[in-house]
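In what follows, a structure is listed as structure tokens, so that the remarks can point back to it.
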Amino acid sequence: MTIKSPRRTTTAMASTTMTSISLLLLLLLFGSASSWSSFHHRALSRPRILTTPTTSTSFYTGIGRSSSSSSSSSSSSSNAAIDDIAIVDDEDDGGAGDPPLLEPFLTGVSRDYRMRLPHYKSDLVDGINFQCLAATLFLFFACLAPAVGFGALFGTVTNGDIGTMEMVSSTAACGVIYALTAAQPMTIIGSTGPVLAFVATLVKLAEKLNLPFLPLYAWTGIWTSGILLVSSMTSASHSVKYLTRFTDEIFSTLISFIFVVEAIQNIARSFTNPASSFTKGLLTLVVAVTTYISASTLRGLRNTVYFNKRVRKNLSNFGPTLGVVAGALVANWAELSQGAAAALPALVIPPTFATTSGRPWLVPILDLPVWARWGAILPAMMATILLFLDQNITVRLVNNPQYKMVKGRRKNSMLDGMHADMLVLSILTFLASLLGLPWLVAATVRSISHVRALSVFDSTSGRLKRTIEQRVTGLSIHGLIGACVLFDAPRAVLTRIPKPVLMGLFLFLGTSSLPGNEMWERIKGLFKDSKRASEERWSAVPRKTTSLFTAIQIACLGAMVYVKESPIGVLFPVVIALLAPLRFALEKTGIVKKEYMDILDED
């Protein structure tokens, strides 16, 4: 990810407007409940029947598979049994139909843990199988690669105060704690581009005010963790009830876009870098494509007629991991046959467990003047909005009922677990701030890839039957990352993996999240024969309206990319927060008629 360094003038503007923007966003998030209540009722409480198959390939059915018009009796009875036994009814625990914007102190947190803790033993037992092993190996590389990459970028923008060792250590430690304590352990946390952009702006602010960066970072994180703590204890995550498919699709497409662009840019740099030969650039492309095609082909083997069912299932589950092996073998074969001229840059992991700059692990927070300690609440408000939205949008995507996750869940609820998870996130943010570690938050592509890697499908119809809900994969993924920091043997193995292999894995992560995303399907539909429109779920909507709706989503996506990559990337949360009222305005102004909006934006 290319993060541009903020100019001083832009930083001054961002810091002076931070208070007013934060207050505006807080009003948008936590207020206006009465004026949006009817809209919310349609958005959240629209009836869903989890056991009824649909004929569309939906982002929420997952997983990019079309459902047949009828199901086998065994599949239907299996799903019905899950619905009847494992999901908490709406009437229990206050119901899930129309939650209040705020709740009494700790009501949401206690409800989340009360529903999830009875399943804790099964969360451990259910994770011991080959599919979970395959998901662990795949997500290990998928989580380690961004940690190393983001760590290098953090080291650049913070002048070494926060670098690769801090990022990898934070990913390992916080990931293990989150997997053990979260109410929705299927979510994977990690660093993101918007957080990096915010930290880059904070560095410039510290320079402008002649303040030490790490103490300012720590106090900003302390205030942020405090606000997140209050939001978790008051169930403020209920504010995401105003979000609909409109926002989900844009945000998910953005994250997929980031992964794909990052991979393409890194491959392109191997050709444009004067220090790299054309031959090495071509080898980089071959290795990345080999990894991508191998992972994609093996992953899709489940739906073919080759081999028997058991072989297809195992090859599909281990597809991404085998893709990494295939890419690494091609790179090593080229180096053995052609010598050093064909040697590709490998993954770089710090050789010893110590901070990047050699500083003490504990940040000297008292080195910051008293006035700056209190003033840090201003950037903390923006950081809060960023982490709050990023966390809750991702958990909302993971929680969608169409994934058929049932542990500690109420029917039709996409909000269960959010309050407890926000509590855990606030504690992790506090600890990371004191130690000078990067703040982590729910990572969208990695979380959705985690859910999909643990999805179980009907062998006949290809429909999603259930998801293996457990904590073992999250615990194992981040435990392995921690082992790479602490022990020499795994570190030596990983430093033999060429970077182009990880770029191929990035391509796989980004593109595998697109099938089933209806925004992506409608973008492709813009170039399709209009006579084929009758095959889509939204065929009742006029093509002109569908194209307009899709164009607006594309414009929003473009605005998010522009702001994120601009010197005012710290204001990225503004665009995310405004998506919900924009969708509301499209319907109220008649730009998209209500009956058409209900179809296009149906949850």
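Throughout the sequence shown, residue numbering follows mature numbering (1 follows the signal peptide of the UniProt record, and there is no 0), covering -35 to -1, 1 to 568 in sequence.
Here a beta-carbon is modelled for each residue, glycine too, at the ideal position from N, C-alpha and C.
Simplified DSSP state of residue i, which is helix, strand or coil
{"i": "P83", "result": "helix"}
{"i": "G60", "result": "Annotation note: pLDDT 47 at G60 (below 50); position unreliable, coordinate value reported separately. G60 falls in the coil class under three-state DSSP."}
{"i": "T249", "result": "helix"}
{"i": "F70", "result": "coil"}
{"i": "V53", "result": "Caution is warranted here: a pLDDT of 44 is assigned to V53, below 50, making its placement in the model unreliable, and the coordinate value is therefore given only provisionally. Here V53 sits in strand by DSSP."}
{"i": "S302", "result": "helix"}
{"i": "A516", "result": "helix"}
{"i": "A308", "result": "coil"}
{"i": "residue 569", "result": "Absent from the structure is residue 569, since the part of the chain shown begins at -35 and ends at 568."}
{"i": "G323", "result": "coil"}
{"i": "V421", "result": "strand"}
{"i": "residue 571", "result": "For the chain, the structure presents residues -35 to 568; residue 571 sits outside this window and is missing."}
{"i": "L402", "result": "coil"}
{"i": "A341", "result": "coil"}
{"i": "T129", "result": "helix"}
{"i": "T185", "result": "helix"}
{"i": "G382", "result": "coil"}
{"i": "L352", "result": "helix"}
{"i": "I154", "result": "strand"}
{"i": "L294", "result": "helix"}
{"i": "A112", "result": "helix"}
Expected contact under 8 Å - CB spacing of residue i and residue j to nearest Å
{"i": "T515", "j": "I541", "result": "About 19 Å separates the two Cβ atoms, so there is no contact after all."}
{"i": "M198", "j": "F70", "result": "6 Å"}
{"i": "T129", "j": "P315", "result": "6 Å"}
{"i": "L193", "j": "L451", "result": "The Cβ separation is near 29 Å, so there is no contact."}
{"i": "R81", "j": "K376", "result": "Wrong, their Cβ atoms sit about 16 Å apart, outside the cutoff."}
{"i": "R374", "j": "L145", "result": "Their Cβ separation, rounded to whole angstroms, is 20 Å, which puts R374 and L145 out of contact at 8 Å."}
{"i": "L380", "j": "K206", "result": "7 Å"}
CA nearest to the CA of residue i, picked from the options
{"i": "Q356", "options": "V528, Q149 and T101", "result": "Q149"}
{"i": "R361", "options": "D386, T349, T136 and A341", "result": "D386"}
{"i": "I330", "options": "F492, G447, T185 and N175", "result": "T185"}
{"i": "M383", "options": "L393, A240 and V363", "result": "V363"}
{"i": "I342", "options": "G304, G191, A293 and P64", "result": "G191"}
{"i": "E131", "options": "Q367, C449, K278 and I517", "result": "C449"}
{"i": "P344", "options": "P538, P310, T510 and K274", "result": "P538"}
{"i": "D213", "options": "V251, T129, A147 and I413", "result": "I413"}
{"i": "V276", "options": "S217, T123, S398 and F95", "result": "F95"}
{"i": "E68", "options": "S202, L219, T438 and L247", "result": "S202"}
{"i": "V410", "options": "G155, A337 and T349", "result": "G155"}
{"i": "V195", "options": "M525, L247 and G73", "result": "G73"}
{"i": "R267", "options": "S424, S398 and F473", "result": "S424"}
{"i": "Y561", "options": "E530, C521, P532 and R502", "result": "R502"}
{"i": "A348", "options": "A117, A107 and T157", "result": "T157"}
{"i": "T123", "options": "H415, L167, L176 and S87", "result": "L167"}
{"i": "F471", "options": "K169, A147, S87 and N231", "result": "N231"}
{"i": "L440", "options": "D88, R79 and R81", "result": "D88"}
For residue j and residue i, the rounded distance between their alpha carbons
{"i": "S478", "j": "S322", "result": "37 Å"}
{"i": "H84", "j": "S75", "result": "15 Å"}
{"i": "P334", "j": "A171", "result": "12 Å"}
{"i": "A299", "j": "W485", "result": "37 Å"}
{"i": "T189", "j": "L351", "result": "10 Å"}
{"i": "I564", "j": "T209", "result": "12 Å"}
{"i": "L491", "j": "S426", "result": "29 Å"}
{"i": "P465", "j": "L459", "result": "13 Å"}
{"i": "L280", "j": "V313", "result": "29 Å"}
{"i": "K369", "j": "L98", "result": "21 Å"}
{"i": "K559", "j": "K553", "result": "8 Å"}
{"i": "A319", "j": "S398", "result": "17 Å"}
{"i": "A100", "j": "K173", "result": "46 Å"}
{"i": "D126", "j": "A253", "result": "32 Å"}
{"i": "E530", "j": "L536", "result": "11 Å"}
{"i": "A408", "j": "A337", "result": "31 Å"}
{"i": "L445", "j": "A137", "result": "8 Å"}
{"i": "S204", "j": "L66", "result": "6 Å"}
{"i": "G92", "j": "Y143", "result": "16 Å"}
{"i": "L467", "j": "N273", "result": "30 Å"}
{"i": "L393", "j": "K509", "result": "47 Å"}
{"i": "H415", "j": "Y527", "result": "28 Å"}
{"i": "F216", "j": "S504", "result": "24 Å"}
{"i": "S200", "j": "I517", "result": "31 Å"}
{"i": "A524", "j": "I556", "result": "20 Å"}
{"i": "S(-2)", "j": "D332", "result": "No answer about S(-2) holds up, because its pLDDT of 34 lies below 50 and its placement is not dependable."}
{"i": "T121", "j": "F115", "result": "10 Å"}
**Item:** Three-pair Cβ contact test at 8 Å for the segment 256 to 268 versus the segment 280 to 295
**Value:** yes
**Request:** Check whether the segment 154 to 166 touches the segment 394 to 412, taking contact to mean three or more Cβ pairs, one atom from each stretch, closer than 8 Å.
**Result:** yes
**Prompt:** Should the segment 173 to 185 be called in touch with the segment 365 to 373, which here means at least 3 C-beta pairs below 8 Å?
**Reply:** no
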